[in-house]
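Asks:
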Amino acid sequence: MSSKVSRYRNRSRSRSLEHRRAERGRSKDVGSRRSRSRSSKSKQRSRSRDKKKSMKESKHKKSKKKKKRHSSTSSSSSDSDEEELKLLQRLETERLRLKDEKKKQKELLKANETPEEKRARRLREKQEKERKRRERMGWDNEYQCYTNQDNPFGDSALTHTFVWTKKLAKEGVKTVSRDELEAQNRQKQLENKIELEKVKQRRLEREAERGAREAEAAAAARAREAAQFHSWARQEDAFHLHQARLRSQIRIRDGRAKPIDLLAWYVSSEECVDALEMHEPYTYLNGLLAQDLEDLLEDIKVYKELEAAGGAAGSGASGGADGYWADVQTIVEDELGKLRRLAAPASRRDGVHRAVAEDVAQIFKGKTGAQLEALQTQIEQKISGRRDGVDIGYWESLLSQLKAHMARARLRDRHQLNLRRKLQLLKREQGVQPAAAPAPAADDGQPPQSPELKMEKAESAAAERAEGAEAEGGAASDGEAAAAAEAAADAAGEAADAACEALYAAGRYSPAPLAAAALEPGTLLTEPAQDAARLHFLRAALHATAARRRATATAEEAEEAGAAAGGGAALARLAARAMGAAAADDAPFSAEHALPDQPCLWADKYRPRKPRYFNRVHTGFEWNKYNQTHYDMDNPPPKIVQGYKFNIFYPDLIDKQATPEFSLKPCPDNPDFAVLRFHAGPPYEDIAFKIVNREWEYSYKRGFRCHFHNNIFQLWFHFKRYRYRR
């Protein structure tokens, strides 16, 4: 690399020396060249004057012809075509003449130039030709200044076109001329350029497609988010509606219900069979003041918005909750208008006179919803007719009152429908059937007999037949007497069964008795004794399983209860079982720290005592970089405290809901130690321990635990480990 740099420097120095020598030679020949160039310049000036004069004349002629051509606007199209053709011929002639003059001028300049100028001109032409050739080869401006002698690559054939002779021989075009090869190379470059353009176009198309896909994905994501937000909004509205109903139920249960609570409870309890409201909902408005009615209107608007947004499905009967709240709102507005008119009679004119107000109320009273709708149609027709002598204000006031009465009628019909539906539901749940029709009378005209009377007659008839059979001892044999007795017994049984069935039907018991022919094929019949035995066996097995479960649970509860009851040993066993087997580096810890006497406010009520505890301290070797360097297993480093496990027992804590607390404060006399203090409340005093003052590891994966369970407050922690760095 250094040899190449030295050769490059020597070449540059030689070129600079040659350049200086050439400049000196040029300065010596300046005088001779100036004398020669003066004559050539005078000749050039004369030629340029003649050329300018001829061009001015030609321009003048052209302008005259243009003027003539523009002035002859009325000439025919054929004349204009001929003039244009002549003009084109003259322009072509002028172009050729100028080309000849330029060529002659160039030849004259070549004839009058000096040898130095000729060499410089040829060198410029050669350089220009070489520049164009390099541009065709694809050289950019950065490499245009390189030559075979001056280039950083050390290539003496840099400007020559590389010819891969072996490849040409393999392809069979070794004998092809250089011009054809260059033409082929240019063709390949053109094809490569076209292919690059196609690649760029495909890349742009892919980017456009990717942008379109991203836009579609973004639009789909926005649509999903909008749907999700809409779902969240519906859920939030449903939650607010549920909370509003829950608040209403709480106020009703506590006896401080507002009118809106009663109205909301009415519409939400329409599907509940147990909730039976005997009065119409508008009766809750009786006795309300104007301020109460205004507050009720605002509450009704809130409920309407929540019902509409949250979709109160199943909260109302026929007509829906929307119609219910609209009717209640209409009634509240009517009552509020009445109170305002009574409070300020002169501020607003009423269309109905007080003298006929009661008569108007009687018109609406007792009418059904259909009758009120027909009356509304008539009133609207009178108002829209605008006939002479019709008091529009009166009819409009009557129409406003009519809307409130129609709302009351709709609520009344809704209430009656709910009552009938709940009555049917109650009957269906209780299995109440309508009374059976009475049996038809006998043909002989005698009154129907009761089932008891029929049973008595059947028994007496059987007894009579048996006595008659026994009395005929001489006439009949013993077999005949037995057969007669058996027939009498069968007749008595059939009569008893018939009497029982009659009593069962008269009492309207459920289910109805079925005949054997009415049963489905494959039905299994079980005797009552067998069914009772099977039921007894299943119940015994169930009781045995439940007893085993209760015994197991009782043993576990007894153990925990015994530990919680105050037994120190039991609590210690429970804590030891929770901590697991003690490791080799674990040791009991009982380094209590004396606390200053602090009188407890509850000392006169409970006897203060210290809680029991079961603690462990975990020690071990810390093999950091320092200890690894200065110690080994035969000569180990000193053990250090790595963590603690505190188990404080509070079996007799008065307030079981109060969780014990702990606090950590450094020792004032020695900052390497700290005081860990536990506080629980009556009847236990505070207890403290002196521990090492280091930073704790609060991760549960590192063994940290702090909770209160089974009357044991557990605080387990380890210290953080620090890495030694020099």
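The C-terminal position of the sequence shown is numbered 766 in my numbering, with every residue numbered one higher than the one before it. Here a beta-carbon is modelled for each residue, glycine too, at the ideal position from N, C-alpha and C. No experiment lies behind these values; they were computed from the predicted model shown.
1. For residue 484, which residues of its own chain have a beta-carbon under 6 Å away from its beta-carbon, when the five flanking residues on both sides are left out?
2. Nearest-angstrom Cα distance between residue 273 and residue 372?
3. List the residues that DSSP assigns as beta-bridge partners of residue 745.
4. Mapping DSSP to helix, strand and coil, what is residue 382?
5. With DSSP run on the structure shown, which of helix, strand or coil describes residue 740?
6. Give every residue of the same chain whose Cβ lies closer than 8 Å to the Cβ of residue 292, excluding the five residues on either side of it in the sequence, and list them in chain order.
7. How would you call residue 756, buried or exposed, if buried means at least 16 neighbouring beta carbons within 10 angstroms?
8. Just to check my reading of the structure: residue 652 and residue 686 have Cβ atoms closer than 8 Å, yes? What is that Cβ distance to the nearest angstrom?
9. Are three or more beta carbon pairs between the segment 731-749 and the segment 702-714 nearer than 8 Å?
10. Taking all protein chains shown into account, decide if residue 31 is buried (16 or more other Cβ within 10 angstroms of its Cβ) or exposed.
11. Can you list, in chain order, the residues of its chain with a C-beta nearer than 7 Å to that of residue 445? Leave out the 5 residues immediately preceding and following it.
12. In whole angstroms, what separates the C-alpha of residue 432 from that of residue 423?
13. If you count every other CB in all the chains shown that lies within 10 Å of the CB of residue 584, and 16 or more means buried, which is it?
14. Could you name the residues of the same chain whose beta carbon sits closer than 8 Å to that of residue 571, not counting the 5 residues immediately before and after it, in chain order?
15. Residue 564 lies in the beta strand (DSSP E); which residues open and close that run?
16. Whose C-beta lies closer than 7 Å to the C-beta of residue 346 among residues of the same chain, with five residues either side of it excluded?
17. What are the start and end residues of the beta strand (DSSP E) that includes residue 201?
18. Please tell me whether, using a cut-off of 8 Å, the distance from the CB of residue 300 to the nearest non-hydrogen atom of the ligand GDP is below it.
19. Would you kindly work out how many angstroms separate the C-alpha atoms of residue 754 and residue 341, rounded to a whole number?
20. Use the C-beta contact count for residue 752: other C-beta atoms within 10 angstroms, 16 or more gives buried, fewer gives exposed.
21. Here's the rule: buried if 16 or more other CB atoms are within 10 angstroms of the residue's CB, otherwise exposed. What is residue 729?
22. Hey, how far is the Cα of residue 644 from the Cα of residue 725?
23. Hey, how far is the Cα of residue 136 from the Cα of residue 210?
24. How big is the Cα-Cα spacing for residue 717 and residue 682?
25. By Cβ distance, which residues of its chain are closer than 7 Å to residue 208, with the 5 residues on each side in sequence left out?
26. Going by the CB atoms, is the gap between residue 322 and residue 451 shorter than 9 Å?
27. Using a Cβ-Cβ cut-off of 7 Å (strictly less than) and excluding sequence neighbours within five positions of residue 715, which residues of its own chain qualify?
28. Fully enclosed by the segment 205-261, which alpha helix (DSSP H) runs are 4 residues long or longer?
29. Taking the beta carbon of residue 239 as the centre, do at least 16 other beta carbons fall within 10 Å, making it buried, or is it exposed?
30. For residue 675 versus residue 761, is the C-beta distance shorter than 9 Å?
31. Would you tell me roughly how many angstroms separate the C-alpha atoms of residue 635 and residue 613, rounded to the nearest one?
32. First and last residue of the beta strand (DSSP E) that includes residue 408?
33. Is the beta carbon of residue 660 less than 9 Å from the beta carbon of residue 693?
34. Measuring only the C-alpha atoms, how far is residue 173 from residue 200?
35. Per DSSP, which one or two residues make a beta bridge with residue 685?
Replies: Quick look at the numbers:
1. Residue confidence is low: residue 484 scores 43 on pLDDT, short of 50, so the model does not pin down where it sits. No coordinate-derived value is stated.
2. 30 Å
3. 756
4. helix
5. helix
6. 301, 302, 305
7. buried
8. Taking the Cβ atoms as the reference, residue 652 lies roughly 12 Å from residue 686, outside the contact range of under 8 Å.
9. Yes, they touch.
10. Any answer about residue 31 is impossible in this case: the structure gives the chain only from 41 up to 766.
11. 404, 412
12. 6 Å
13. Its Cβ having fewer than 16 others within 10 Å, residue 584 is exposed.
14. none
15. Neither: residue 564 is in no beta strand (DSSP E) and is coded neither H nor E.
16. 277, 280, 281, 284
17. Where residue 201 is concerned, there is no enclosing beta strand (DSSP E), given that its DSSP letter is neither H nor E.
18. Annotation note on the ligand GDP: not contained in the displayed structure, which lists no ligands.
19. Each residue's Cα considered, the two are about 54 Å apart.
20. Counting Cβ neighbours within 10 Å, residue 752 comes out buried, since at least 16 surround it.
21. Residue 729 should be labelled buried.
22. 14 Å
23. 50 Å
24. Spanning the two alpha carbons is a distance of roughly 19 Å.
25. 214
26. yes
27. 633, 705, 707, 728, 730
28. If we require 4 residues or more, the alpha helix (DSSP H) runs fully inside the segment 205-261 come out as 205-211.
29. Its Cβ having fewer than 16 others within 10 Å, residue 239 is exposed.
30. no
31. 28 Å
32. Here residue 408 belongs to no beta strand (DSSP E), and DSSP marks it neither H nor E.
33. Not a contact, by the Cβ cut-off of 9 Å.
34. 10 Å
35. 656, 756
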